[in-house]
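Asker:
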Amino acid sequence: MMVNPARASGAKGGAMKLRVLSASLGLLTLVSCTRRFSTGPEGQVRPLTAEEQAAVRNSNDFGLRLFQEVVRSEGSRGNVFVSPYSVSAALAMVANGASGATREEMWTALGFADLGMEEADAAFKGLTDLLLSLDPKVQLEIANAIWYRLGLHVRSDFVRLVRDYFGAPVSGLDFASPRSVQVVNQWASERTHGKIPKVLDSINPLDVMFLANAIYFKGLWTYRFEESQTQEDVFHLPGGSTIPCRMMLQTVDDLPYQRRANLAAVDLPYGSGHFSMTILLPEPGIDVDSLLLQISSPELQSLFSGFEKRKVTIWLPKFRIRYGKELSPELKRLGMQTAFDPDRADFSRLFEDQLQPYISSVLHRSYVQVDEAGTEAAAVTVVIVGVTSVGGGENAVLFRVDRPFIFLIRERDSGALLFAGRITEPQWEE
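Counting in the working numbering, the sequence shown runs from 57 upward without gaps.
#1: Rounded C-beta distance between Thr437 and Ala178? I'm assuming under 8 Å.
#2: Around the Cβ of Lys365, are there at least 16 other Cβ atoms within 10 angstroms (buried) or fewer (exposed)?
#3: Which runs of the alpha helix (DSSP H) at least 4 residues long sit entirely within the segment 121–156? Give them in chain order.
#4: To the nearest angstrom, how far is it from the Cα of Tyr326 to the Cα of Trp371?
#5: Compute the distance between the beta-carbons of Lys251 and Tyr379, then report whether it is under 7 Å.
#6: Could you name the residues of the same chain whose beta carbon sits closer than 8 Å to that of Glu107, not counting the 5 residues immediately before and after it, in chain order?
#7: Whole angstroms are fine: how far does the CA of Leu390 sit from the CA of Asn200?
#8: Whole beta strand (DSSP E) runs in the segment 447–472 with 3 or more residues, listed along the chain?
#9: If I follow the unbroken beta strand (DSSP E) through Glu382, where does it start and stop?
#10: In this structure, how does DSSP classify Arg113 when only helix, strand and coil are distinguished?
#11: What do you get for Pro482, buried or exposed, if any count of 16 or more other CB atoms within 10 angstroms of its CB means buried?
#12: For Ser227, which residues of its own chain have a beta-carbon under 6 Å away from its beta-carbon, when the five flanking residues on both sides are left out?
#13: Rounded to whole angstroms, what is the Cα-Cα separation between Ala232 and His209?
#14: Mapping DSSP to helix, strand and coil, what is Glu481?
#15: Determine, using beta carbons only, whether Leu256 and Asn269 come nearer to each other than 7 Å.
#16: Decide if Arg128 is buried, meaning its Cβ has at least 16 other Cβ atoms within 10 Å, or exposed.
#17: State buried or exposed for Pro192, treating a residue as buried only when at least 16 other CB atoms are found within 10 Å of its CB.
#18: Quick one: residues in its chain with C-beta nearer than 7 Å to the C-beta of Arg280, no 5 flanking neighbours on either side, listed in chain order?
#19: For the alpha helix (DSSP H) that Gly535 lies in, which residues bound it at each end?
#20: Going by the DSSP bridge assignment, what does Met303 pair with across the sheet?
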């Protein structure tokens, strides 16, 4: 696996909206340059440290809660796709510039109240390095970057922290020039292989810093679907009506599967099996949002560890979706109140200048395509800092995904959650 080193843009497109919450795996983000990491002797994956285990557990909890809040905001219809990893990574960078109640609220919401700032930064860097080295058959790329308004002076301690733990270059940019929008958008496009071509429309005269994270994932199914088996079918919408879809089909002899009182689930592996897509299919008559909003982090972890190998015949719709959302309302509901308050926010560790910075918006853009070959997913999060003024023999289990469902893209060994989605109307968006 290789690592490459905003004003809201892009409305929800088409008849089907995609609601995606980029579930940040923790506050990990890595280098903007290209690097390859190794895990040690071939075939061996080093165990996570206690701090890294806490990072995974806490960031997954943040990611699930953020996903639930976005779904709650969007209502019952439409798709959601987010990268909790990307959101938490971008927020973790800006949290390194916060003090007092602002920092405490952000760190608590992100799930790291028990860890010091540099302790958590170091744990996530170690976990990120591990994730990026696990499977050469899966392409996972993570990048961070920070731009500030030319003429201002960023504190050297902040520059050191984001450089050492997030691999983020900190660059001055002429925010008054239209070219600055192009610089940020080009960075997003390049780091996501063209899947997120635009995150900013314009720059507000009171914007002073952009902190960006990008994540790109491309994994081929371990068990690929044959295109010859894909046929026209129908997908059942929440209201009871149906829409046409392209339904893929295959039977796998030893697929991780489980059934509970309110759902059935399968775990579709990518590449060598370190990464997978977990699909949660509510039982008929159970609303997908009711299921999602009742799931807790311990329950989700129990589900991840409860799979058994079964012979499964699976029908899965093809879909390609783009999603975008400004996440300030959801983050405030998760406890980050002060950071968004122009009068009370304390980001005194960001600039040497006499300013009153605060988070004015958190832009999130995402993309996912699921087809016979595998999955391609990408997300970009931009935290905008502003100021108020500038100074085998058994019968196959049948798993037919023809109604709204939840899917989670994760790394199996650490349990790290990379992306989370809810599909209510599978659509192939051009």
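We put the CB at the ideal spot given by N, CA and C, even for glycine.
Answerer: Reading off the structure:
#1: With a Cβ gap of about 21 Å, Thr437 and Ala178 do not count as contacting.
#2: exposed
#3: 140–151
#4: 17 Å
#5: no
#6: Leu171, Glu175, Ala176, Ala178, Ala179 and Gly182
#7: 24 Å
#8: 453–456 and 461–467
#9: Phe375 to Glu382
#10: helix
#11: buried
#12: Trp203
#13: 17 Å
#14: coil
#15: no
#16: exposed
#17: exposed
#18: Glu428 and Ala429
#19: Residue 535 falls outside the range modelled here, since the chain spans only 57 to 486, and no answer is possible.
#20: Gln287 and Pro373
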